[in-house]
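Report on the structure given below.
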Ligand code: ATP
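Numbering (my numbering), first residue to last: 811 to 1058.
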């Protein structure tokens, strides 16, 4: 059972990356240890992309040691995505805007027919002798932080949506409670069902990028094994387990 208690939370003012810090201490740390910071100077997303982390946002990484098969690690990203969704829905549902999940690791908001990212998840793991040694999940949520102009067309903060400051501690504690719920109690099929229900699955073809190759196709479904199934323009069916969905 995952139980996150106050004594497992390491609170910092500023750090290069909570993810890098967590990975250094992961071997010797208990499950549920969290590194949370006010500012990251080198926050990152997948494939070493930069995650802008100015003061006012929620930035943390959590160390997990689940006893699951190594090919089931994807489920933890999806459990965290659902926990973030539940947390943010509490605030966003009071507006006319709607939250969605964008495969595999983003939480976005639909505004003016465009999807803007409010939160991202980065999952990294260490495997030893075919067993999970640890998994570190990093979370960035745009709460009250400013975003650079260069990201205005793709990113948004909770403050921009709700027009008010929401206490970071409140968002954090709510997210932890929701994550404990999904981690401890939700089986894979239930998680995937809920993940699918909240995902963007456009009717029109999308561009998919995998290992620098570009594909055009329609998303058929998100599978219980974590993959995304596409029908490509030449009608072949393809399953991807990593990559980027680009929405027009
Ligand atoms: P995409 O949204 O293109 O699918 P991704 O899911 O791979 O990207 P990550 O790699 O997790 O995204 O995050 C890094 C990307 O997110 C950056 O390249 C940038 O475009 C965008 N980004 C950076 N900082 C923020 C932020 N604070 N809020 C929203 N988006 C951000």
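We put the CB at the ideal spot given by N, CA and C, even for glycine.
Which of the three DSSP states is assigned to residue 977 in this structure? coil
Counting only the same chain and skipping the five closest in sequence on each side, list residues whose C-beta sits under 7 Å from that of residue 994. 811, 812
Apart from the five residues on each side of it in sequence, which residues of its chain come closer than 8 Å, Cβ to Cβ, to residue 910? So the list reads 917, 918, 919, 920, 925, 1008, 1009, 1010, once near-sequence residues are dropped.
Would you say the beta carbon of residue 927 is closer than 6 Å to some non-hydrogen atom of ligand 1? yes
Assuming residue 887 is part of the beta strand (DSSP E), what are its boundary residues? Annotation for residue 887: no beta strand (DSSP E) segment contains it, though the alpha helix (DSSP H) segment containing it runs 884-902.
Do residue 913 and ligand 1 come close, with the Cβ less than 6 Å from some heavy atom? no
Would you kindly report the start and end of the unbroken beta strand (DSSP E) that includes residue 1059? Since the first residue of the chain shown is 811 and the last is 1058, residue 1059 is not available in this structure.
Would you give the residue range spanned by the beta strand (DSSP E) that residue 840 belongs to? Per DSSP, residue 840 belongs to no beta strand (DSSP E) and is neither H nor E.
Among 1001, 1030, 1004, which has the Cα closest to the Cα of residue 1015? 1030
Nonlocal neighbours in the same chain, by C-beta distance under 6 Å from residue 1054, ignoring five residues either side: 1019
Among 844, 843, 864, nearest to residue 853 - alpha-carbon criterion: 864
Collapsed DSSP secondary structure at residue 846 in the structure displayed: strand
Comparing the CB of residue 1054 with every heavy atom of ligand 1, is any distance shorter than 6 Å? yes
Got a sec, what are the start and stop residues for the beta strand (DSSP E) residue 1039 sits in? 1038-1042
Residue range of the beta strand (DSSP E) that residue 1055 falls in? 1054-1056
Among all the DSSP beta bridges, which residues are the ones paired with residue 854? 860
Would the segment 822-836 and the segment 877-893 be scored as touching if the rule is three or more Cβ pairs under 8 Å? no
Find the nearest neighbour of residue 1027 within the set 1034, 868, 850, 1041, judged by alpha-carbon distance. Checking every option, the nearest Cα to that of residue 1027 belongs to 1041.
By Cβ distance below 7 Å, which residues in the same chain neighbour residue 841 in space, the five residues on each side in sequence not counted? Counting only Cβ-Cβ distances below 7 Å, and skipping sequence neighbours, we find 812, 873, 874, 875.
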